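This report refers to the structure that appears directly beneath it.
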Amino acid sequence: MKKNTFQIATFFILTVIVFGCQKETPVIKEVVVPTLPETPYNYRAINGPVSDSYVQQINNEMATLGRVLFYDRHLSQNNSTSCGSCHLQQFAFADGKRFSDGLNGKKTTRNSMAISNMIMQTSFFWDSRATKLERQVMMPIENHIEMGVENLGVLPDKLANLEYYKELFKNSFGTEDITESRISRALAMFLKSMISVGSKFDQGAFQNHENLNLKEQLGLELFRGKAKCWTCHSTSIFTGWGVQNIGLDLVYDDKGWSSGRFKIPSLKNIALTAPYMHDGRFETLEEVVNHYNEGVKPHPSLSWRLRNSSGPQRLNLSDFEKSNLVAFLESLTDYEYITDPRYSNPF
Numbered sequence: 002m003k004k005n006t007f008q009i010a011t012f013f014i015l016t017v018i019v020f021g022c023q024k025e026t027p028v029i030k031e032v033v034v035p036t037l038p039e040t041p042y043n044y045r046a047i048n049g050p051v052s053d054s055y056v057q058q059i060n061n062e063m064a065t066l067g068r069v070l071f072y073d074r075h076l077s078q079n080n081s082t083s084c085g086s087c088h089l090q091q092f093a094f095a096d097g098k099r100f101s102d103g104l105n106g107k108k109t110t111r112n113s114m115a116i117s118n119m120i121m122q123t124s125f126f127w128d129s130r131a132t133k134l135e136r137q138v139m140m141p142i143e144n145h146i147e148m149g150v151e152n153l154g155v156l157p158d159k160l161a162n163l164e165y166y167k168e169l170f171k172n173s174f175g176t177e178d179i180t181e182s183r184i185s186r187a188l189a190m191f192l193k194s195m196i197s198v199g200s201k202f203d204q205g206a207f208q209n210h211e212n213l214n215l216k217e218q219l220g221l222e223l224f225r226g227k228a229k230c231w232t233c234h235s236t237s238i239f240t241g242w243g244v245q246n247i248g249l250d251l252v253y254d255d256k257g258w259s260s261g262r263f264k265i266p267s268l269k270n271i272a273l274t275a276p277y278m279h280d281g282r283f284e285t286l287e288e289v290v291n292h293y294n295e296g297v298k299p300h301p302s303l304s305w306r307l308r309n310s311s312g313p314q315r316l317n318l319s320d321f322e323k324s325n326l327v328a329f330l331e332s333l334t335d336y337e338y339i340t341d342p343r344y345s346n347p348f
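Here the sequence shown stands for residues 2 to 348, numbered as in the working numbering.
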């Protein structure tokens, strides 16, 4: 699709409103068209260590369509909210708030999770209730607080009225037909394309991380050793398997998956995604480290990784060690990811 097709344009829709015997008053609504490159971005161009098995799954045309859908407010009930409203690129696709703003002034009940490397994960949301990305992407759209389209069946016809989708769907699927399945597949493809492997830590992966400074290296040693972070955040993207209770409370109002168990989130770009935990209770990484160091509570379902024979673990980290651990966590920041135009808002 050529760039000039997608220059920002305004279409005027006149809505007639009659106030008694007053004259007809036009109400103008603005429809903004996405600006896209003439040749689709190459979403397979990844600057960092990543398995080719992931890269080969990415379809550039479908990711382009998914990007537009991700940022398009027409996917919400009242055209006010998009996926991108709660997932901002500058925050590694978290939103910097404890709870996100939903429809009509409502607030979500959980902290917005950051987005990256979804293609490498097998469950989604804080309670891991979705195991397929194609299903996950539709659930916020139909949520009554987030985007409010309780009947997803209305979306295809609604999007069909937007001229810019015709060519995007045709390029992605061969025809202009819009279906729920195609919407979910395109959104999922965009999320799959959002691979973040450009951090300082990532760039040193094949040099034994000699590029890290002394504090970061000491923090890495703590992460893998005394601080025991690695027991949960053990994968290449610093996430883990299953759900865990980490002793935030003795009594949980939000039970998560069950009994205060929540998904182990990725630590990639963690320095950008405050506040932390499912309810955004911690504002800084220092607060998070202090929790694991001395604040874990003896909940009956507390993960075995965080307890010993006498109860919850106490790491006894010094202030110097804690600052080193935070320095290492900051080395997981991928600054290219948060400025990459491929993931930016096209509207």
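Cβ atoms here follow ideal geometry from the backbone N, Cα and C, with glycine treated the same way.
None of the values given here were measured: they were computed from a predicted structure.
Whole angstroms is fine: what's the gap from residue i's alpha carbon to residue j's?
{"i": "residue 314", "j": "residue 73", "result": "46 angstroms"}
{"i": "residue 1", "j": "residue 163", "result": "No statement about residue 1 is possible, as the shown extent of the chain runs from 2 to 348 and does not include it."}
{"i": "residue 348", "j": "residue 36", "result": "6 angstroms"}
{"i": "residue 26", "j": "residue 80", "result": "Its pLDDT being 38, under 50, residue 26 is placed unreliably by the model, and nothing is read from it."}
{"i": "residue 155", "j": "residue 291", "result": "48 angstroms"}
{"i": "residue 167", "j": "residue 114", "result": "31 angstroms"}
{"i": "residue 337", "j": "residue 128", "result": "29 angstroms"}
{"i": "residue 208", "j": "residue 48", "result": "16 angstroms"}
{"i": "residue 77", "j": "residue 177", "result": "21 angstroms"}
{"i": "residue 34", "j": "residue 326", "result": "45 angstroms"}
{"i": "residue 320", "j": "residue 302", "result": "29 angstroms"}
{"i": "residue 146", "j": "residue 101", "result": "10 angstroms"}
{"i": "residue 234", "j": "residue 223", "result": "13 angstroms"}
{"i": "residue 340", "j": "residue 311", "result": "47 angstroms"}
{"i": "residue 159", "j": "residue 210", "result": "50 angstroms"}
{"i": "residue 89", "j": "residue 95", "result": "6 angstroms"}
{"i": "residue 330", "j": "residue 165", "result": "41 angstroms"}
{"i": "residue 260", "j": "residue 106", "result": "30 angstroms"}
{"i": "residue 308", "j": "residue 179", "result": "51 angstroms"}
{"i": "residue 300", "j": "residue 134", "result": "31 angstroms"}
{"i": "residue 285", "j": "residue 97", "result": "11 angstroms"}
{"i": "residue 157", "j": "residue 268", "result": "36 angstroms"}
Would you list the one or two residues that DSSP bridges to residue i?
{"i": "residue 108", "result": "102"}
{"i": "residue 309", "result": "312"}
{"i": "residue 89", "result": "95"}
{"i": "residue 277", "result": "283"}
{"i": "residue 262", "result": "257 and 259"}
{"i": "residue 246", "result": "303"}
{"i": "residue 131", "result": "125"}
Nearest by alpha-carbon distance to residue i: which of the options is it?
{"i": "residue 57", "options": "223, 43 and 287", "result": "43"}
{"i": "residue 181", "options": "205, 105, 136 and 250", "result": "136"}
{"i": "residue 40", "options": "113, 117, 312 and 64", "result": "64"}
{"i": "residue 248", "options": "128, 318, 262 and 174", "result": "262"}
{"i": "residue 171", "options": "318, 335, 330 and 66", "result": "66"}
{"i": "residue 245", "options": "253, 265, 134 and 251", "result": "265"}
{"i": "residue 350", "options": "92, 108 and 255", "result": "Limits of the chain in this structure are 2 at one end and 348 at the other, which puts residue 350 out of reach."}
{"i": "residue 323", "options": "218, 304 and 60", "result": "218"}
{"i": "residue 125", "options": "285, 293 and 279", "result": "279"}
{"i": "residue 50", "options": "195, 318 and 205", "result": "205"}
{"i": "residue 70", "options": "105, 38 and 169", "result": "169"}
{"i": "residue 175", "options": "91, 160, 268 and 62", "result": "62"}
{"i": "residue 151", "options": "134, 104 and 195", "result": "104"}
{"i": "residue 328", "options": "296, 202, 173 and 304", "result": "202"}
{"i": "residue 75", "options": "238, 254, 153 and 243", "result": "153"}
{"i": "residue 332", "options": "288, 304, 289 and 213", "result": "213"}
So is residue i buried or exposed if we call it buried at 16+ other beta carbons inside 10 Å?
{"i": "residue 86", "result": "buried"}
{"i": "residue 228", "result": "buried"}
{"i": "residue 197", "result": "buried"}
{"i": "residue 306", "result": "exposed"}
{"i": "residue 28", "result": "Note that residue 28 scores a pLDDT of 36, beneath 50, so its modelled location is shaky and nothing firm can be said."}
{"i": "residue 117", "result": "buried"}
{"i": "residue 215", "result": "exposed"}
{"i": "residue 252", "result": "exposed"}
{"i": "residue 317", "result": "exposed"}
{"i": "residue 53", "result": "exposed"}
{"i": "residue 345", "result": "exposed"}
{"i": "residue 254", "result": "exposed"}
{"i": "residue 226", "result": "exposed"}
{"i": "residue 243", "result": "exposed"}
Taking Cβ to Cβ, would you say residue i is nearer than 9 angstroms to residue j?
{"i": "residue 122", "j": "residue 240", "result": "yes"}
{"i": "residue 276", "j": "residue 111", "result": "no"}
{"i": "residue 139", "j": "residue 184", "result": "yes"}
{"i": "residue 270", "j": "residue 93", "result": "yes"}
{"i": "residue 273", "j": "residue 236", "result": "no"}
{"i": "residue 55", "j": "residue 120", "result": "yes"}
{"i": "residue 250", "j": "residue 193", "result": "no"}
{"i": "residue 195", "j": "residue 60", "result": "no"}
{"i": "residue 130", "j": "residue 343", "result": "no"}
State yes or no: is the beta carbon of residue i nearer than 9 angstroms to at least one beta carbon in chain D?
{"i": "residue 312", "result": "In the structure shown, chain D does not exist; there is a single protein chain."}
Does any heavy atom of the ligand FMN sit closer than 8 angstroms to the C-beta of residue i?
{"i": "residue 151", "result": "Summarising the ligand content, the structure contains no ligands, and the ligand FMN is consequently not present."}
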